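The structure appears right after this line, and notes come after that.
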Amino acid sequence: MDESRPLGRILLFGIQHVLVMAATPISAIFLMSATLGLDAGLTVDLLSAAFVLSGVGSLIQSLGPWKFGPRLPFVMLPGGAPLILFLAIAEQHGLRTATGAVVLTAVFCFVVLPVFSRLLRFFPALVIGTMIVIVGVNLVKVGAVLVTGRPGTPGFAEPLNLGLGMATIGFTVVFYLLFTGILRQLAVMLGLLAGTALAAVLGAVDAGRAGGGDLVHLPQLMPFGSPEFNLLAALPLMLYSLASMAEATGQTVINAEAVGKEIDKRTDVPKTVRGDALTSLFGGFFGLPLMVTSGENIGIVRVTGVRSRFVTAAAGVVLVLIGFLAPVTRVISVIPSAVVGGTAMVVFAVITVLGIQMLGRSDLDQHTTTFICAVALALGLLPILIPGVYGHFPPNVRILLESGVAVGASVAAVLNILFHHVRPGIAARLTTARTGSHR
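Mapping of the sequence shown onto our numbering: position 33 corresponds to residue 17, and the numbering continues sequentially without gaps.
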């Protein structure tokens, strides 16, 4: 994990991480632009900022300066549930209030972190493993939607897109089967490139988008104006940040296991959360939603066997350069979403397997443990498998309930406390009381 290999090899593996996860900041910013009706210039500013902040956050988490970052191979991204919350706040209260909510939430994370770190003993392998399984299933669904499109929309499950997604997976399998050494470790990237080449042959690549424009583009500070701070408007995002801390706990543990590093949750998990909070604090001033550690790269680490944190640090440098070099950003955006989705499905499914492996070490042969896991999975997977199930609930409540990761982690943690901490304590007191009465 701490080994620094030749620069060319480190850079090559870093580019592989970038290619696999580059679709996330692109899709996040394009979704922001489409939902909020932003003009093309503002969209370019936000896309540049998303790449730069993703790179800065990856460097912080991978290199671990002072008390920020666990020195694990992490990549940071915008998107997911924080993006949906950001858009909801922006639509209700305006973009300046939404950016202010991001800044307030980042500060809130620093404030509550000492309390949260004391609660980590209530997050054993059972809770974290359940959460990682839900995260993995949710991410596989995200990758699948990139291939098929959303149900009910024009072009849903077009044969061409399905073929490109399946072909990309097939290429990855073939490369992993036939190659050895460094080429086998690059199977994910090679599969992505092969899928893109096939898409170009079939006319599914819009190469025109890669040309024109400036060579260098700098992110714009406060693109929506000065942030406005409204605690009530920021409350949903603050509440979600608690679930995000729990998710960061699981990702830190599973990442450490993937690279074979012994960690102390009470010291290393707060470093991950501080890295997330610091990057989000900067991101808020550049108009971005919360930045969070990504599960994608954990799957890549496990598939390739390349554990060095300097690889993700190199990915961070590449991301920063992409943010400043406008032509590179345009070229990456040309990769068809179906190809990216095919790659993502494989990488994300590995995360699910890691969660299952962790659950295997949680004494699932005990009925109580099995029951806790089953209830948490049922409630956590419900909003993922049945989108809109909480559609009739108030908006703020719905936002929290529709986060399957937050629900699953909360249910697993609460049931674990009730069954493994509260119930034994009550039973012990009753036994003591009965013994005393007999005497």
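Beta carbons are placed, not taken as given, at the ideal position from N, Cα and C, and that holds for glycine. None of the values given here were measured: they were computed from a predicted structure.
Contact belief for residue i with residue j at Cβ below 8 Å, rounded distance in angstroms
| i | j | result |
| --- | --- | --- |
| Phe58 | Thr277 | 5 Å |
| Ala328 | Gly187 | Going by Cβ atoms, the distance from Ala328 to Gly187 rounds to 23 Å, so no, they are not a contact pair. |
| Leu30 | Leu369 | Incorrect: roughly 32 Å between the Cβ atoms, too far for contact. |
| Val243 | Arg291 | 4 Å |
| Leu363 | Val315 | Wrong, their Cβ atoms sit about 42 Å apart, outside the cutoff. |
| Ala85 | Ala218 | 4 Å |
| Leu221 | Leu274 | 7 Å |
| Leu303 | Phe52 | At roughly 18 Å, the Cβ-Cβ gap does not stay under 8 Å, so Leu303 and Phe52 are not in contact. |
| Val131 | Val318 | Actually they are not in contact, since the Cβ atoms of Val131 and Val318 sit about 17 Å apart, beyond 8 Å. |
Whole-angstrom distance between residue j and residue i, CA atom to CA atom
| i | j | result |
| --- | --- | --- |
| Val185 | Gly267 | 38 Å |
| Leu361 | Thr114 | 7 Å |
| Phe155 | Ala178 | 7 Å |
| His201 | Leu309 | 6 Å |
| Val257 | Leu(-9) | 29 Å |
| Pro203 | Asn281 | 25 Å |
| Gln235 | Ala417 | 43 Å |
| Val87 | Gly259 | 14 Å |
| Arg168 | Val157 | 10 Å |
| Gly41 | Thr263 | 6 Å |
| Ser225 | Phe92 | 8 Å |
| Val111 | Lys125 | 22 Å |
| Gln0 | Ile(-6) | 10 Å |
| Asn214 | Thr81 | 7 Å |
| Leu37 | Met60 | 8 Å |
| Pro135 | Asn122 | 16 Å |
| Leu384 | Glu142 | 33 Å |
| Gly139 | Thr164 | 38 Å |
| Val398 | Gly372 | 25 Å |
| Val129 | Thr233 | 27 Å |
| Thr180 | Val337 | 27 Å |
| Gly78 | Phe14 | 18 Å |
| Ala283 | Gly375 | As written in the sequence, residue 283 is Gly, which differs from the Ala given in the question. Approximately 32 Å, taken between the alpha carbons. |
| Arg250 | Pro98 | 10 Å |
| Arg(-11) | Val285 | 15 Å |
| Ala109 | Val391 | 17 Å |
Exposure label - residue i; buried when at least 16 CB within 10 Å
| i | result |
| --- | --- |
| Ile116 | buried |
| Leu161 | exposed |
| Asp(-14) | exposed |
| Val437 | With the chain covering only -15 through 423, there is no way to say anything about residue 437. |
| Ser346 | buried |
| Ile306 | buried |
| Lys255 | buried |
| Leu387 | Note that residue 387 corresponds to Ser in the displayed sequence, not to Leu. Buried, since its Cβ has 16 or more Cβ neighbours within 10 Å. |
| Ser228 | buried |
| Ile410 | exposed |
| Glu231 | buried |
| Phe270 | buried |
| Phe355 | exposed |
| Leu67 | buried |
| Ala191 | exposed |
| Ala261 | buried |
| Thr137 | exposed |
| Arg105 | exposed |
| Pro54 | buried |
| Pro408 | exposed |
| Leu199 | exposed |
| Ile472 | There is simply no residue 472 to check, as the chain begins at -15 and stops at 423 in what is shown. |
| Pro426 | The chain is shown from -15 up to 423; residue 426 falls before or after that span and cannot be answered. |
| Leu22 | buried |
| Ala412 | exposed |
Given residue i as reference, the closest of the options once Cα atoms are compared
| i | options | result |
| --- | --- | --- |
| Leu20 | Glu75, Pro66, Ala310, Leu61 | Glu75 |
| Phe294 | Gly39, Ile13, Ser32 | Gly39 |
| Ala25 | Asp190, Phe208, Gly78 | Note on identity: in this sequence residue 25 is Gly, with Ala being the wrong assignment. Comparing Cα-Cα distances from Gly25 to each of Asp190, Phe208, Gly78, the minimum goes to Phe208. |
| Phe107 | Ala412, Thr132, Ala393, Ala411 | Ala393 |
| Arg382 | Lys51, Leu69, Gly289 | Leu69 |
| Val237 | Leu56, Leu167, Ala34, Phe(-3) | Leu56 |
| Phe332 | Leu71, Leu104, Ile153, Phe52 | Ile153 |
| Val119 | Leu365, Gly375, Trp50, Ala191 | Leu365 |
| Asp252 | Thr8, Ala34, Phe377, Ser101 | Ser101 |
| Pro211 | Phe159, Ala34, Leu265 | Leu265 |
| Met206 | Arg413, Pro9, Ala33 | Ala33 |
| Met16 | Ala72, Val189, Phe(-3), Ile166 | Ala72 |
| Val287 | Ile335, Pro311, Val304 | Ile335 |
| Ile166 | Leu216, Gly289, Thr353, Thr89 | Gly289 |
| Ile401 | Pro9, Thr352, Lys51 | Thr352 |
| Pro367 | Val389, Val28, Ala240, Leu216 | Val389 |
| His404 | Gln350, Pro311, Pro379 | Gln350 |
| Ala12 | Asp23, Gly(-2), Thr27 | Thr27 |
Residue i CB to nearest heavy atom of the ligand PLP below 7 Å
| i | result |
| --- | --- |
| Gly268 | Looking for the ligand PLP in the displayed structure turns up nothing, as the structure carries no ligands at all. |
Exercise for the section: Specify whether the region 142 to 149 and the region 321 to 329 touch according to this definition: at least 3 beta carbon pairs, one from each stretch, less than 8 Å apart. Expected result: Yes: the two stretches touch, three or more of their Cβ pairs being nearer than 8 Å.
Problem - Any 3 or more C-beta pairs closer than 8 Å across the region 38 to 46 and the region 290 to 309 - result: Contact annotation: the region 38 to 46 touches the region 290 to 309, with at least three C-beta pairs closer than 8 Å.
Exercise for the section: Examine the Cβ distances between the region 158 to 173 and the region -9 to 10 and report whether three or more of them are shorter than 8 Å. Expected result: Enough Cβ pairs lie closer than 8 Å, so yes.
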